[in-house]
Structures are given as C-alpha cells and as structure tokens.
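Undergrad: Residue numbers (our numbering), protein chains in the order written: chain A, 611 to 891; chain B, 611 to 891. Heads up, the beta-carbon is just placed ideally off N, CA and C, and yes, glycines get one too. I have a structure here, written as structure tokens, and I will follow up with some questions on it.
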C-alpha cells in the first residue's frame, strides 16, 4: 500500500492509473476506522481496480465548540487495517497541505445544507462540500463511496458533484450496525458503558417508525411521535432533532406518500449520535 | 472542428484526448469573439496539442439589472473565426445543459471577490467562479488561458483553482488593444461613434499613471488623482472606481513600493468598460 502525504504526488499517482485505463474508487474518511469504513472499502474494491482511502480530520467541518481536537485518531491502527484490505493507496495529507496559507474559497449547497444537521451545525456542510471537492481534485476518482449513516452528507455530496459537473459516480453504502442496532461511528468511542446501553434507543426509534408505516400509518406526525417516545424513554438520551423528510429535498413532509426519510440526532452523554432510516410505504 | 453541445460528450472527448497523452488547452469565452479572444486561442495553441474554446454567456454572473439579454451574440461568425484558427473543439452548451433544474451549488472566493468589481457587481464573481469550476470539470483541461483585461477575474480564478486543487495551469494573457489604446471588449459594440472617441481616455489614464511612477512618484493618491483627471477631462466618461491596489490581495495601498495594480471601471454611454495596468517601480 502506497502512503501518500502530498497533493501533487496523489495527482501524479492518479493520473498514471487513469492513463493506464484503471478505474479508481475512492473512500474518504476521517480515520479511526471501524467495520463501517471497512465495508465501504470492500464496496470500493468491487467498483474499481484501484482503491484509494483518504484519512483527513477536516478542521473546516467542525465548529469552534465542537470535538475537532478530541476527535479520535489512530493512524498506525488505521494503516494496518487498510493494508489488510489490500488498499492501493492511503492518502494522508496534513492540514497545512490541504489548507495552505491564503486559502479562501468555499462551496455552498444552498438549499440542502441549512436543513437538519445544518440547523444545529451551521457551516458544517460548507466544510464538507469544500473538502470533498478538494479531495476529488486531488484523488481524481471515477467513483466514490459514502456511508448512508450520514444521509444528508451523502445528498449534499451527490448534489455538489452533479452541480459542479464532477465526472464521478457517487455510491451510497448501507449503514453498518452493531448487533443491538447501534450504527457504527467513531464517536461511539465517547460513550461510557451505561451510555452505550442507552444508545440503541435510536435504532429502536427507527424500527418503531418502520413498523408503523408497514402497518399503514401515513401521518408523519404520528410516526415521528412514536419514534420520539422510544428515545424519550431512555433518560440518558436527549433528542436534538427527529424529522420525517422528503428523501431528495430533505424538506419536512406531513404525510408519507411514497418513501420518506426519518432522520435524527440525539445526544447521549458526550456523544452526538445521528442515524436515519428510509420509511417505505 | 468538433462542435460539442453536451457536457457528457465534452467529458468523453476530453478523456479520450487525455488517455492518448494529449495536453488540452482551454479558452473559456462568452462569444462575440474579437482579436483579444483570438490572441488567447493562439496562446492556447502553443500550450497544448488540443485546444478547446467554450462559448457560453453565463446568466449567473449577470445581475438582474445588467446586460445579459442585450449581451451581443453571433455564433455563426464565432464558429467561422475558430474554424479559421484550427481549434479542435468548440464547446457550446445551452443554459439548461449548464444549469439543469435543481442546481444549487455555488463557489465563493471570500476575500478577493467582494473588492473592486465585486463592490459594484455583487454576486458577479460567485457566478464566474462557479461556472469556471463547472467548465473545468466539463473540459478537464491541463491549462486554461484568460485575458489580463479582466485582471480581478484572473486572480479570482487563480485562487479558486489553487484552493480547490484543480490540477490546471492558469495562464494570463496581456490585454489586446486597438491602435488608440482602447482594450478590446465585446461591450465596445455598445459605443456610439462619439462614445468610441471618448473611450480611449481609460488608456490615457493608465499611461499617465505609468509615466508618473516611472518619474519616481510613489504616493498612490497622487498617481490615482492624475489618472482620474485624464478621464474626468472627457465629458462622456463617468468613473465608477479607480484604485491602486496590491496585485495579489487587491487591497488598496497608500504607496507604490514594488508593483501595484491600477484598476478602473468607467461608464461611457451604455457601456461599462474596465481596464487596468501594472505599475512597476
């Protein structure tokens, strides 16, 4: 596995692979890899002859009061995991390499970004869209794989990719979960044993909503209330938002006519956890 | 010369040229080509084995009260001129092809864009930066050539290209002028015969400033006042701005220590003309 720290070297590597007719599949990550990431890497191996994984904890997508400094990092472990998956290149740039002095350009996805996560994390998706566009120009992949756990992020990136005409296929990968349903996330490391027991209430809320819709309930308010009650039954969990939205525009909808997205963010102790489910009628 | 109207076809064409090891040089234009554009095309021919010219009057860089509808268009003439220059591909997409329904992503260059032109044309450089990034992803050039007449645009594009890590070399080309010094511009077509006679006052102002600096004047205020007087002597010309700036940051400077940019925008009848000169000590 080639370890690449410089943008220019990454571009040269990618250009050579492209000229040789190789299809490049890309998995951008913030490291501290778990089985969810490794599932993305395995999906990428099926999508391209060359797989590039990036590890970059992007300061631009954290607000000053958020957990940038505390965000878990373990490069040696990540590297060994990726070696084991036979990844072709690990792109591991420094913050100074990604954001040299004078950087002043950013990308906004106007209508999708301010909703849901954007309401509670203003500026977050500006940081995400900008760094992903930068990484796309550094890695020049044919396809890129993102987890559906961050559903809004996936939609923002799909939109940005299409709107800026990046010739890159964006692939969403189903959320990987622990046995009790908790979505894998690097932030789960923040949970105490007791908090870890409270965390699957998010998944139970999603399941409760799915069951109601399967039983014929179409009123988004009633479905949301039932899901909310699952989480509110757990004293350590505090809901930040729980919304039923159009899967494309992410606008809240009053009725579930076809598919609808149930998206939620919940604080459990020091961890802010997000999850979602597609409710299908 | 291949005429390409669809984004996908442009990307396929470009990908084939790249795989064949051809260097692609790109000249984005809004059409109604004049000798200034043709000079860019000839420069591009020296920079790449394949030359792509785009013609697209970008609605996103015009404010509602500006001249988007009136902007001169003459595709048949432009096409013949480019055939004559042996251009390889003319990219001529429709507005619906460039901005399909749902488009909502834009690019801002934070500190450069609000200055000078940005002060009088808010949103202009957002439109420029966004469409140029889109065109870069459509055409995938190795190098792109822009005229120095639009100096701030060139700086905004250089910054955007660098900040978003486009692997594209940006080349500035000296302004092409008529015999009396008027910078070539498609907007010169708006001038009546009398207004055309008033327009070279812009060039005289630049020359006056250059002469003063050559004589040792270092006070930006005195140089600007002398340049301003040249234009104010012309009753049909009305100055919108005339500034002496740092060539990199475009911030106004009080003294001309090394190089400084004199940038100006002047209304002459229905035409808004811009021009600039690099003042060198």
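1. Name the chain B residues that come within less than 7 Å of residue 743(A), Cβ to Cβ?
2. Any residues in the region 612 to 627 of chain A with a beta carbon nearer than 7 Å to a beta carbon of chain B? Which ones, in chain order?
3. Kindly indicate which three-state DSSP category residue 638(A) falls into: helix, strand or coil?
4. Which partner residues of residue 886(A) appear in the DSSP bridge assignment?
5. What residues in the region 713 to 730 of chain A have a beta carbon less than 8 Å from any beta carbon of chain B?
6. Would you kindly check if the distance between the Cβ of residue 654(B) and the Cβ of residue 741(B) is under 7 Å?
7. Just to confirm my understanding: we take residue 736(B), look at its own chain, exclude 5 residues before and 5 after, and list those with CB closer than 6 Å. What are they?
8. Does residue 776(A) pass the burial test, meaning 16 or more other C-beta atoms within 10 Å, or should it be called exposed?
9. Which of the three DSSP states, helix, strand or coil, is assigned to residue 868(B)?
10. Using a beta-carbon distance cut-off of less than 7 Å, what residues from the region 743 to 758 of chain B approach chain D?
11. Find out if the Cβ-Cβ distance for the pair residue 860(B), residue 774(B) is shorter than 7 Å.
12. Counting only Cβ-Cβ distances shorter than 8 Å, please list the residues of the region 774 to 792 of chain B near chain A, keeping chain order.
13. Helix, strand or coil for residue 664(A), going by three-state DSSP, please let me know.
14. Would residue 846(A) and residue 808(A) be called neighbours here (beta carbons separated by less than 7 Å)?
15. State the CB to CB distance for the pair residue 816(A) and residue 878(A), rounded to an integer number of angstroms; the pair is presumed to be in contact (CB under 8 Å).
16. Can you list the alpha helix (DSSP H) stretches of 4 or more residues lying completely in the region 708 to 788 of chain B, in chain order?
17. So which of 873(B), 863(B), 818(B) and 706(B) has the shortest CA-CA distance to residue 883(B)?
18. Answer yes or no: do residue 875(B) and residue 850(B) have a C-beta to C-beta separation smaller than 7 Å?
19. Whole angstroms is fine: what's the gap from residue 697(B)'s alpha carbon to residue 683(A)'s?
20. Could you please give the first and the last residue of the uninterrupted alpha helix (DSSP H) stretch that includes residue 672(B)?
21. For the 8 Å Cβ check, are there 3 or more pairs between the region 782 to 798 of chain B and the region 642 to 656 of chain B?
22. What residue range does the beta strand (DSSP E) around residue 847(A) cover?
23. So with Cβ pairs under 7 Å, would you call residue 770(B) a contact of chain A?
24. Once the 5 residues before and after residue 862(A) are set aside, which same chain residues still bring their CB inside 6 Å of it?
25. Can you pull the chain B neighbours of residue 629(A), defined as C-beta to C-beta under 8 Å?
26. From 700(B), 635(B) and 619(B), pick the residue whose C-alpha is nearest to that of residue 611(B); which is it?
27. Once you ignore the five residues that flank residue 825(B) on each side, which residues in its own chain have a CB closer than 8 Å to its CB?
28. Please report the distance separating the alpha-carbon of residue 625(B) from that of residue 812(A).
29. What are the boundary residues of the alpha helix (DSSP H) that includes residue 628(A)?
30. Go through its chain and collect everything with a Cβ distance to residue 799(A)'s Cβ below 8 Å, but skip five positions before and after it.
31. Might you give, ordered along the chain, the residues of its own chain that have their beta carbon closer than 8 Å to the beta carbon of residue 865(A), omitting 5 neighbours on each side?
32. In whole angstroms, what separates the C-alpha of residue 615(A) from that of residue 857(B)?
33. Return the residue from the list 620(B), 674(B) and 676(B) that minimises the CA-CA distance to residue 661(B).
TA: In short:
1. Correct list: 774.
2. For chain B, the residues of the region 612 to 627 of chain A that bring a beta carbon within less than 7 Å of one of its beta carbons are 617 and 621, in chain order.
3. Strand, per DSSP.
4. Paired residue(s): 873(A).
5. The region 713 to 730 of chain A vs chain B, Cβ under 8 Å: 713, 714, 715, 716, 717, 718, 719, 720, 721 and 722.
6. No, the pair does not count as a contact, with Cβ atoms beyond the cut-off.
7. Counting only Cβ-Cβ distances below 6 Å, and skipping sequence neighbours, we find 716 and 718.
8. With 16 or more Cβ atoms within 10 Å of its Cβ, residue 776(A) is classed as buried.
9. Residue state for residue 868(B) is assigned as coil, using DSSP reduced to three classes.
10. Protein chains A and B are contained in the structure displayed, whereas chain D is not.
11. Cβ atoms of residue 860(B) and residue 774(B): not closer than 7 Å.
12. For the region 774 to 792 of chain B, which is checked against every Cβ of chain A, the residues closer than 8 Å are 774, 775, 776 and 777.
13. Assignment of residue 664(A) by DSSP, reduced to helix, strand and coil, places it in the strand class.
14. Contact flag set, yes.
15. Not a contact, Cβ separation roughly 15 Å.
16. Entirely contained in the region 708 to 788 of chain B, the alpha helix (DSSP H) runs reaching 4 residues are, in chain order, 727 to 730, 734 to 749 and 761 to 773.
17. Residue 873(B) is the option with its Cα nearest to residue 883(B).
18. Taking 7 Å as the Cβ cut-off, residue 875(B) and residue 850(B) qualify as a contacting pair.
19. Distance between the alpha carbons of residue 697(B) and residue 683(A) is about 51 Å.
20. Looking at the DSSP string, residue 672(B) is not in any alpha helix (DSSP H), and its letter there is neither H nor E.
21. Because the criterion of three Cβ pairs below 8 Å is met, the region 782 to 798 of chain B and the region 642 to 656 of chain B touch.
22. Where residue 847(A) is concerned, the enclosing beta strand (DSSP E) stretches over 847 to 855.
23. The Cβ of residue 770(B) sits closer than 7 Å to at least one Cβ of chain A.
24. Take residue 862(A), set aside five residues on each side of it, and the residues of its chain with a beta-carbon closer than 6 Å to its own are 853 and 855, in chain order.
25. Ordered by position in chain B, the residues that pass the 8 Å Cβ test against residue 629(A) are 628, 629 and 631.
26. Comparing Cα-Cα distances from residue 611(B) to each of 700(B), 635(B) and 619(B), the minimum goes to 700(B).
27. Same-chain partners within the cutoff: there are none.
28. Their backbone Cα atoms lie some 45 Å apart in a straight line.
29. Taken as a continuous stretch (DSSP letters only), the alpha helix (DSSP H) holding residue 628(A) covers 617 to 629.
30. Shown here for residue 799(A): same chain residues with a beta carbon closer than 8 Å to its own, the five before and five after excluded, namely 642 and 682 in chain order.
31. Hits under 8 Å: 828, 829 and 830.
32. Residue 615(A) and residue 857(B): Cα-Cα distance of roughly 32 Å.
33. When only C-alpha atoms are compared, the closest one is 620(B).
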